[in-house]
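**Student:**
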């Protein structure tokens, strides 16, 4: 495939992934309750895209998925997209700055994304005038939602990686492999600029 | 080169945040008939067949998960008991309502003209639901204005009240459940005197409904049935018709009743596993189209 085709591959796959995520979420996943709470796959998918594709695609994907979810569910436009921009961007920045290689990194990121989305959504609703006092029951539900989100983070990450595999501009694993196996020095071995 | 990338990244991020904030501000300040709401209604209309298709296609998945949960609760037995309960409940509600109305009619000559017989029942399939039901508890159904559904129409299922319609597009609608934090229903407890109160979900545990503002010395027992009060005053009318069953009192602590004037109620309809609902399309008191309720 030529370069133009390759450059369109990632946006196309992400668009299909985002559409599929929101439709499946509203049509099926939201109607299934686990430990009394509904599972929300969207923040997990946005975080996984950020981790795999970087901060800019993560933020744009988060915005698009959030806006689509707001439109499809007749919610206040901009609320979910604002939250998902932050999730996509910061998970992408984590990849760019730290390049987490640990296998459980997506779990931690998924937990953080679910926590941010759940608490952020609640705060936004409070600010928009939903009158619901904070109680221990509400906090318990938030905690259970985060735990369920964490449990699903790894399979969702694997699924998203499978979808976008091959269309990523720069795979962290590939980059690391290239650095260490083609004569490049690891950051620990590289002489520092000061010396 | 690196600086250029950083600048580009920050510019795009800032642009996305600004667009989101503009959308949020514009949407929040708009009325229900304004451009953004109209666009949203158009998109929902276009998406609804896709969502309906996805909902039907993914029903086996939902059923699979449901099967695990139901096995633990002995699904078959539950269904039989539920059907039996619904029949009995209908009878009990009918008897109690008849007794109470009889007593009331002796005191007054005016009959309550509003009853469920005045309503057409439109069966609709549940096609979607938001993920976060802690603060927004709603359902998307596949019946809209083309089926005669209007904003404010009551929705029932399993012989109990589910909520009311708050958003209508051409072939889809959104139902705000009685477990949504914004919901409040004027209700009547079918005890000896028919105490009235306001039904609201308890925060964090929406399936635990509370009947509030009850008289402090009300005599309410466990298993008393709660129905809609369906009040009507000059210029103000309840969305719900009277005597629609809502739930059964599961906890009536005299101390809580004296201090907080409330009792706990479990809904009759299984609000977390609904596949079909009935929209009560009926006569509007105002005679005209009711305004779309904008979402918070």
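Residue numbers (this note's numbering), protein chains in the order written: chain A, 27 to 221; chain B, 9 to 304.
Glycine included, each C-beta is placed from N, C-alpha and C at the ideal position.
Would you check if the distance between the CB atom of residue 196(B) and the CB atom of residue 237(B) is smaller than 7 Å?
**Tutor:** In the second chain, residue 196(B) corresponds to position 188, counting from 1. In the second chain, residue 237(B) corresponds to position 229, counting from 1. A contact, by the Cβ cut-off of 7 Å.
**Student:** Residues in its own chain within less than 6 Å of residue 141(A) by CB, not counting five upstream and five downstream?
**Tutor:** As a first step, residue 141(A) is located in the first chain; it is residue number 115 there, counting from the start. These residues qualify, in order along the chain: 172.
**Student:** Quick check: is the beta carbon of residue 32(B) nearer than 7 Å to any beta carbon in chain A?
**Tutor:** As a position in the second chain, residue 32(B) is number 24, starting the count at 1. Yes, residue 32(B) lies at the interface with chain A (some Cβ there is under 7 Å from its Cβ).
**Student:** Which residues of chain A have a Cβ atom closer than 9 Å to the Cβ of residue 24(B), listed in chain order?
**Tutor:** Position 16 of the second chain, counted from the first residue, corresponds to residue 24(B). The answer, in chain order, is 85, 86, 88, 89, 107, 108, 111 and 115.
**Student:** Does DSSP put residue 132(A) in a helix, a strand or coil?
**Tutor:** Taking the first residue of the first chain as 1, we reach residue 132(A) at position 106. Reduced to three states, the DSSP call for residue 132(A) is helix.
**Student:** Is DSSP giving residue 237(B) helix, strand or coil here?
**Tutor:** Within the second chain, the letter at position 229 stands for residue 237(B). In this structure, residue 237(B) counts as coil in the three-state DSSP scheme.
**Student:** Output needed in chain order: residues of the stretch 40-59 of chain A with a Cβ under 8 Å from some Cβ in chain B.
**Tutor:** Answer in chain order: 49, 50, 51, 52, 53, 54, 55, 56, 57, 58 and 59.
**Student:** Quick check on residue 119(B): does DSSP put it in helix, strand or coil?
**Tutor:** Taking the first residue of the second chain as 1, we reach residue 119(B) at position 111. Bear in mind that a pLDDT of 43 at residue 119(B), under 50, signals an unreliable position, so the model cannot answer this.
**Student:** Less than 7 Å between CB atoms is the rule here; does residue 102(A) satisfy it with respect to chain B?
**Tutor:** Residue numbering aside, residue 102(A) sits at position 76 when the first chain is read from its first letter. So, interface residue.
**Student:** Just to confirm the assignment, what range does the alpha helix (DSSP H) spanning residue 262(B) have?
**Tutor:** Translated into positions along the second chain, residue 262(B) becomes position 254. 262-268 is the extent of the alpha helix (DSSP H) around residue 262(B).
**Student:** Whose CA, out of 143(A), 128(A), 108(A) and 61(A), lies closest to the CA of residue 33(B)?
**Tutor:** Working through the second chain from its first residue, we reach residue 33(B) at position 25. The shortest C-alpha separation from residue 33(B) is found at 108(A).
**Student:** Please list the segments of the alpha helix (DSSP H) lying wholly inside the stretch 140-175 of chain B, counting only runs of 4 or more residues, in order along the chain.
**Tutor:** If we require 4 residues or more, the stretch 140-175 of chain B turns out to have no alpha helix (DSSP H) run fully inside it.
**Student:** With 7 Å set as the bound, which would you pick, yes or no: does the beta-carbon of residue 97(A) sit closer than that to a beta-carbon of chain B?
**Tutor:** As a first step, residue 97(A) is located in the first chain; it is residue number 71 there, counting from the start. It does: the Cβ of residue 97(A) has a partner Cβ on chain B nearer than 7 Å.
**Student:** Could you round the C-beta distance between residue 76(A) and residue 117(A) to whole angstroms and report it? I think they count as a contact, below 8 Å.
**Tutor:** Residue numbering aside, residue 76(A) sits at position 50 when the first chain is read from its first letter. Residue numbering aside, residue 117(A) sits at position 91 when the first chain is read from its first letter. Right, the Cβ-Cβ distance comes to about 3 Å (below 8 Å), so this counts as a contact.
**Student:** Are at least three pairs of beta-carbons, each pair with one atom in the stretch 124-138 of chain B and one in the stretch 92-110 of chain B, less than 8 Å apart?
**Tutor:** Result no; under three Cβ-Cβ pairs closer than 8 Å.
**Student:** Using beta carbons (cut-off 7 Å, strictly below), is residue 185(A) in contact with chain B?
**Tutor:** Walking along the first chain from the start, residue 185(A) turns up at place 159. Not closer than 7 Å to any Cβ of chain B, the Cβ of residue 185(A) fails to qualify, so no.
**Student:** When you compare the CB positions of residue 52(A) and residue 35(B), do they come within less than 7 Å of one another, or not?
**Tutor:** Taking the first residue of the first chain as position 1, residue 52(A) is located at position 26. Taking the first residue of the second chain as position 1, residue 35(B) is located at position 27. Going by C-beta atoms, residue 52(A) is not nearer than 7 Å to residue 35(B).
**Student:** Please list the terminal residues of the continuous alpha helix (DSSP H) segment that includes residue 45(B).
**Tutor:** Numbered from 1 along the second chain, position 37 holds the residue referred to as residue 45(B). That run of the alpha helix (DSSP H) goes 43-65.
**Student:** Taking contact to mean 3 or more Cβ pairs, one atom from each stretch, closer than 8 Å, check whether the stretch 184-196 of chain B and the stretch 51-58 of chain B are in contact.
**Tutor:** Touching, no, given that fewer than three Cβ pairs across the two stretches are closer than 8 Å.
**Student:** Could you tell me the alpha carbon to alpha carbon distance between residue 50(B) and residue 184(A), rounded to whole angstroms?
**Tutor:** Numbered from 1 along the second chain, position 42 holds the residue referred to as residue 50(B). Numbered from 1 along the first chain, position 158 holds the residue referred to as residue 184(A). Using only the alpha carbons, I get a separation of about 35 Å.
**Student:** Mind checking the stretch 242-276 of chain B against chain A and listing, in chain order, the residues whose C-beta falls within less than 8 Å of any C-beta there?
**Tutor:** Against chain A - using a Cβ distance shorter than 8 Å - the stretch 242-276 of chain B contributes no residues.
**Student:** Within its chain, find whatever has a CB closer than 7 Å to the CB of residue 120(B); leave out the 5 residues flanking it on each side and keep chain order.
**Tutor:** In the second chain, residue 120(B) corresponds to position 112, counting from 1. In this prediction, residue 120(B) scores a pLDDT of 46, lower than 50, which makes its location untrustworthy; the coordinate-derived value is nonetheless stated afterwards. Closer than 7 Å at the Cβ level, and outside the excluded window around residue 120(B), lie 250.
**Student:** Under 8 Å by Cβ, that's how I've got residue 97(B) and residue 276(B) pegged, so tell me the actual separation to the nearest angstrom.
**Tutor:** Sequence index remark: in the second chain, residue 97(B) carries index 89 (1-based). Sequence index remark: in the second chain, residue 276(B) carries index 268 (1-based). Sure, about 7 Å apart at Cβ, within 8 Å.
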